[in-house]
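Novice:
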Amino acid sequence: MILPVLSLQFDGSCRIRCKLCSLYRLLLVLLLCIGFVHPEAKAEEDAVEFPDLLDADDIAYFFSQGDIDGLHWALSNVFAASERNPDPSQVKHRLPQQLVSRGGGSTYTTEYKLKMDIQQAEYLATHLAEEDRDPKWAKFFQDAVLPIYQKVLSNVPPVDQLERTHGLYAFREADLELGIGNIYNKAWHHTNFEELKDPTTGKVLPLLNPEMDTNNIEREWFGEDNNPDHHPGILYIDDVLSKEALGRIRQLLLESTVWYQTKMPLRFGGYVGAYIDDGLHDRLLLQLSMELHKALPRIMKGHPLKYLWAYKYDSEYTGINLHADEAAVNVNIWLTPDEANLDPTSGGLVVFTAKPPEDWNFAEYNTDTDRVVEELLRPTNFANVTIPHKQNRAVIFDSSLFHQTDRYKFKPGYENRRINLTILYGDMQRSSSHTTDTPPGSQDVKTEL
Ligand SMILES: [Fe+2]
Numbered sequence: 362m363i364l365p366v367l368s369l370q371f372d373g374s375c376r377i378r379c380k381l382c383s384l385y386r387l388l389l390v391l392l393l394c395i396g397f398v399h400p401e402a403k404a405e406e407d408a409v410e411f412p413d414l415l416d417a418d419d420i421a422y423f424f425s426q427g428d429i430d431g432l433h434w435a436l437s438n439v440f441a442a443s444e445r446n447p448d449p450s451q452v453k454h455r456l457p458q459q460l461v462s463r464g465g466g467s468t469y470t471t472e473y474k475l476k477m478d479i480q481q482a483e484y485l486a487t488h489l490a491e492e493d494r495d496p497k498w499a500k501f502f503q504d505a506v507l508p509i510y511q512k513v514l515s516n517v518p519p520v521d522q523l524e525r526t527h528g529l530y531a532f533r534e535a536d537l538e539l540g541i542g543n544i545y546n547k548a549w550h551h552t553n554f555e556e557l558k559d560p561t562t563g564k565v566l567p568l569l570n571p572e573m574d575t576n577n578i579e580r581e582w583f584g585e586d587n588n589p590d591h592h593p594g595i596l597y598i599d600d601v602l603s604k605e606a607l608g609r610i611r612q613l614l615l616e617s618t619v620w621y622q623t624k625m626p627l628r629f630g631g632y633v634g635a636y637i638d639d640g641l642h643d644r645l646l647l648q649l650s651m652e653l654h655k656a657l658p659r660i661m662k663g664h665p666l667k668y669l670w671a672y673k674y675d676s677e678y679t680g681i682n683l684h685a686d687e688a689a690v691n692v693n694i695w696l697t698p699d700e701a702n703l704d705p706t707s708g709g710l711v712v713f714t715a716k717p718p719e720d721w722n723f724a725e726y727n728t729d730t731d732r733v734v735e736e737l738l739r740p741t742n743f744a745n746v747t748i749p750h751k752q753n754r755a756v757i758f759d760s761s762l763f764h765q766t767d768r769y770k771f772k773p774g775y776e777n778r779r780i781n782l783t784i785l786y787g788d789m790q791r792s793s794s795h796t797t798d799t800p801p802g803s804q805d806v807k808t809e810l
């Protein structure tokens, strides 16, 4: 039997074609299982034309259908064809300008980003060599990656001599001759973790702590618990993940070389970023996004997954400045052990109770900090809910509320770095978001500045 030849083109602006893709994949898998597929049909799978980047509406589309397979399929195929792929023969797209402009380019770096890359390469060289996990790749990190990173780092001037670029360092001829262009910001190691499964039955295991009291959480969100110490639309949950899920997600974030974004250290803090549309798409994380959505149906109603990212911080710098994120519900999960935090009363998140007025655009409320402070925060006397860092704590809040990283001081060392995982659902609600069930619109999620 030969499958009909379909001319498929994956286009972020055309959902109908995505539906065709889903049906086509289902049929293909079915026929592969029963051995009836012709090689030409298999080639069709490879012939799907993917865009160079998925957007928040693409992610929401698959998520709204409950199609985690489709979402992972699209994200992983787009990523595999990107310049992150170390195999040049697989690369079909140049790095999209959107990734470059948010700090994920491959021709420049910062001192703190290179230091993180070096720590991660050392970590992989050690851990991949353990218990015979993957000694060949351990050797690669030790012998090929680390020497180049270390030599290039020695070429980077002190950050105060890079004022014109706000601390960014463009690779020079000497760095390129060392081979940095072939090494930097590539997916050398990708965990690709699937869902956690029971080793005996193969059944998918939940990632969320089964003792989580979701009814009480939702009552707190909507202010129905009448607790004066609680603020509707801002809450936290301790021990949110099962022990196994916490360990696995932490391993993923320590090991996967998908931390491509650096910020300008003289303008922003010192943190590297990894994004769902640029490699942070393990099925494990997509499952977590879906589980949270299903566990909190009243909070999440009408708010599909829009975006997901993680940040890994450098304790020599500050964290993320005051901003609001374009989403309805913002979930932040902290992964780093409590022993790493040198001040347990801090290190978390400050969530203010003010949000942008309807007539302010993204640039106004996320770049003009002085105006936000004077016109929006000072009149509330800077009313806020400050939640200290704790491992396995999830902070869930109305994403339109202004927020910033609390002051933090963590121990030095790669495994002590503060890491937060952020999952964004739905579109920003400028007013009364936690008391309405507004359906999702078409506004794109924009990342933090
Ligand atoms: Fe944020």
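Using this note's numbering, you'd call the opening residue of the sequence shown number 362 and step up by one each time.
Glycine included, every Cβ here is placed at the ideal spot set by N, Cα and C.
Below 8 Å, how does it come out for the segment 465 to 478 and the segment 537 to 552: are there three or more Cβ pairs, yes or no?
Specialist: Touching, yes, given that three or more Cβ pairs across the two stretches are closer than 8 Å.
Novice: Determine the direct distance from the alpha carbon of A724 to that of T747, and round the result to whole angstroms.
Specialist: Near 25 Å, if we compare the C-alpha coordinates of A724 and T747.
Novice: Using DSSP with H/G/I as helix, E/B as strand and the rest coil, what is Q790?
Specialist: coil
Novice: Go through the segment 513 to 581 residue by residue and report every complete run of the alpha helix (DSSP H) that reaches 4 residues or more, in order.
Specialist: Listed in chain order, they are 534 to 539, 541 to 544.
Novice: Please return the same chain residues whose Cβ sits closer than 6 Å to the Cβ of M477, not counting the five positions on each side in sequence.
Specialist: Residues V633 of the same chain have their beta carbon placed closer than 6 Å to that of M477, with the five preceding and five following residues left out of the count.
Novice: Keeping to the same chain, check which residues put their C-beta closer than 8 Å to that of D759; ignore five residues upstream and five downstream.
Specialist: G594, I595, A689, V690, N691, K716, Q790, S794, H795
Novice: Taking 6 Å as the line, does the beta carbon of D788 fall inside it for any heavy atom of ligand 1?
Specialist: no
Novice: Hey, could you find the ends of the alpha helix (DSSP H) N446 is sitting in?
Specialist: Counting along the chain, N446 falls outside any alpha helix (DSSP H), and DSSP gives it neither H nor E.
Novice: Less than 6 Å between C-beta atoms, sequence neighbours within five positions excluded: which residues of the same chain meet that for A499?
Specialist: A486, L489, A490
Novice: Would you call the segment 519 to 528 and the segment 543 to 560 in contact, with 3 or more CB pairs under 8 Å?
Specialist: The segment 519 to 528 vs the segment 543 to 560: no contact.
Novice: R628: buried (16+ other C-beta within 10 angstroms of its C-beta) or exposed?
Specialist: exposed
Novice: Counting only the same chain and skipping the five closest in sequence on each side, list residues whose C-beta sits under 6 Å from that of N438.
Specialist: Within the same chain, N438 has close Cβ partners F411.
Novice: On the DSSP letters alone, give me the boundaries of the alpha helix (DSSP H) that W721 sits inside.
Specialist: For W721, there is no enclosing alpha helix (DSSP H), as DSSP marks it with neither H nor E.
Novice: For ligand 1, I want to know if D686 counts as a neighbour, meaning its beta carbon is within less than 6 Å of at least one of the ligand's heavy atoms.
Specialist: yes
Novice: Does the distance between the C-beta of L414 and the nearest non-hydrogen atom of ligand 3 fall short of 6 Å?
Specialist: Inclusion of ligand 3 in the displayed structure is not the case, the ligand content consisting of ligand 1 alone.
Novice: Which class does L392 belong to by DSSP, given the choice of helix, strand or coil?
Specialist: The predicted position of L392 is uncertain, since its pLDDT is 41 and thus under 50; a value taken from the coordinates is nonetheless stated next. L392 falls in the helix class under three-state DSSP.
Novice: In terms of residue numbering, what span does the alpha helix (DSSP H) encompassing G774 cover?
Specialist: Counting along the chain, G774 falls outside any alpha helix (DSSP H), and DSSP gives it neither H nor E.
Novice: Could you have a look at N691 and say whether DSSP puts it in helix, strand or coil?
Specialist: strand
Novice: Could you check whether the segment 636 to 646 touches the segment 670 to 690, counting it as contact only if at least three pairs of C-beta atoms, one from each stretch, sit closer than 8 Å?
Specialist: yes
Novice: In the DSSP assignment, what are the bridge partners of H592?
Specialist: According to DSSP, which records beta bridges pairwise, H592 is partnered with I595.
Novice: Between the segment 762 to 775 and the segment 694 to 712, do three or more beta carbon pairs fall short of 8 Å?
Specialist: When Cβ pairs closer than 8 Å are counted between the two stretches, the segment 762 to 775 is seen to touch the segment 694 to 712, the count reaching three or more.
Novice: Would you call the segment 571 to 589 and the segment 648 to 663 touching, i.e. three or more CB-CB distances under 8 Å?
Specialist: yes
Novice: For the candidate residues L666, Y621, S450, S443, whose alpha-carbon lies nearest to that of A421?
Specialist: The shortest C-alpha to C-alpha distance from A421 to any of L666, Y621, S450, S443 is the one to L666.
Novice: On the three-pair Cβ rule with 8 Å, is the segment 778 to 788 touching the segment 695 to 708?
Specialist: yes
Novice: Determine whether the beta carbon atoms of K453 and A442 lie at a separation below 7 Å.
Specialist: yes
Novice: Residue range of the beta strand (DSSP E) that T766 falls in?
Specialist: The continuous beta strand (DSSP E) containing T766 extends over residues 764 to 766.
Novice: Answer with buried or exposed for V565, where buried requires no fewer than 16 other C-beta atoms within 10 angstroms of its C-beta.
Specialist: V565 should be labelled exposed.
Novice: Got a sec? Which residues, its chain only, sit under 7 Å from E579 by beta carbon, not counting five neighbours each side?
Specialist: Cβ neighbours of E579 beyond the five flanking positions: L657, R659, I660.
Novice: CB-CB under 8 Å to M625, same chain, minus the five flanking residues each way: which ones, in chain order?
Specialist: Excluding positions up to five away in sequence, the list reads G464, T471, T526, H527, G528, L529.
Novice: Classify A744: buried if its beta carbon has 16 or more other beta carbons within 10 angstroms, exposed otherwise.
Specialist: exposed
Novice: Where does L387 land, buried or exposed, given buried means 16+ other C-beta within 10 angstroms?
Specialist: Any reading at L387 needs caution, since the residue's pLDDT is 49, under 50, leaving its predicted position unreliable; the model's value is listed next. Burial call: exposed.
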